[in-house]
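Peer 1: Residue numbers for the sequence shown, in mature numbering (1 follows the signal peptide of the UniProt record, and there is no 0): -27 to -1, 1 to 217.
Glycine included, C-beta positions come from ideal geometry on N, C-alpha and C.
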Amino acid sequence: MQKTARLWAVRLAFAATVAAAANSAFAFADDEARRAILDLREEVKTLKADLNITRNAQMQLSSEINALKEQNRQLTGRVEELTNALAVEKRSTRELFGSIDSRVSAFEPVMVVLNGETVQVQPQEKAEYDAAVLLFQDGNFKEAAAKFSRFAEKWPESPYRPDALFWWGSSAFGAEQYKTVISSQNSLLKAYPKHPRAADAMLLVGSAQAASGNPKAAAATYRKVIKTYPKSDAAVTAKQRLGN
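1) Using the C-alpha atoms, what's the distance from methionine 84 back to valine 92?
2) Which of the three DSSP states is assigned to glutamine 93 in this structure?
3) From threonine 49 to threonine 56, what distance separates their C-alpha atoms?
4) Smallest Cα separation from tryptophan 128: which of Gly147, Leu24 and Glu101?
5) What number of angstroms, rounded off, separates the C-alpha of arginine 7 from the C-alpha of valine 17?
6) Between lysine 99 and the rest of its own chain, which residues show a CB-CB distance below 8 angstroms, the 5 nearest in sequence each way excluded?
7) Please report the distance separating the alpha-carbon of aspartate 136 from that of arginine 170.
8) DSSP has methionine 84 in a bridge; who is on the other side?
9) Quick one: what does DSSP say tryptophan 128 is sitting in, helix, strand or coil?
10) Please list the terminal residues of the continuous alpha helix (DSSP H) segment that includes tyrosine 195.
11) Just reading off the alpha helix (DSSP H) that proline 135 is part of, what are its end residues?
12) With distances taken between CB atoms, is the gap from alanine 174 to phenylalanine 139 smaller than 8 angstroms?
13) Count the C-beta pairs between the stretch 176 to 190 and the stretch 205 to 214 that are closer than 8 angstroms, then say yes if the count reaches three, no if not.
14) Pick helix, strand or coil for alanine 211, following the three-state DSSP scheme.
15) Compare the beta carbon distance of tyrosine 151 and serine 122 with 8 angstroms and say whether it is the shorter of the two.
16) In chain order, what residues of the same chain lie with their CB nearer than 7 angstroms to the CB of valine 77, ignoring the 5 residues before and after it?
17) Among residues of its own chain, excluding the 5 on either side of leucine 108, which ones have a beta-carbon nearer than 7 angstroms to its beta-carbon?
18) Does DSSP put asparagine 29 in a helix, a strand or coil?
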């Protein structure tokens, strides 16, 4: 009986020891699990923090990208404005220089062929002469005579002047201003006796004398044409009018 009691006592003691060891092991395992959970929570917390930082960085980057896009849009618009302004400036510059060239050209002498010779005249001088010629060609003899008269007075050194005097007389003849014909052609003959128009000018004087009722004076003028300019076409016409 005593032996059995001791055996149970030993068994109980062993069971208590095993239980204590198990409790101790379980307690250790719980501590490890708690630490692992805490560590995991810290890692999760850290990951969340890192994720927030990443999100914030992405948002910041996106904001900067949008800002750069806006800045680029503004710069592109500004470049277009400057390009357009430059194009306008270039066009204005070309127009300005074109205007200057036109103004300068208006005062630069021009070369023209007159009676088989190349001569230099002023643009305004040429324009006034051409305008008078057009009036004569259109049959506006009175206006043409007035313009040629003004031209001869305004441009006394012009290469056009001998021709202007001749066409003045021719226009006056068409307007039946015979005294003007005679005076204008005598001015031509006095100043330019060897001019290509001289023989025709003298013949025109004779024509004006005949038209104004002075045939004797006209005949004398025709004979003078034949004597002074014997090889001219005007001399041939003068002979015909004299009946030679």
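Peer 2: So, from the data block:
1) 6 angstroms
2) strand
3) 10 angstroms
4) Glu101
5) 15 angstroms
6) Val83, Val85 and Tyr133
7) 7 angstroms
8) Gln93
9) coil
10) 188 to 201
11) 134 to 147
12) yes
13) yes
14) helix
15) no
16) Confidence at valine 77 is low in this model, with a pLDDT of 47, below 50, so its placement is unreliable and the value that follows should be read with caution. The answer is none, since no qualifying residue turns up.
17) Glu116, Ala117 and Lys120
18) helix
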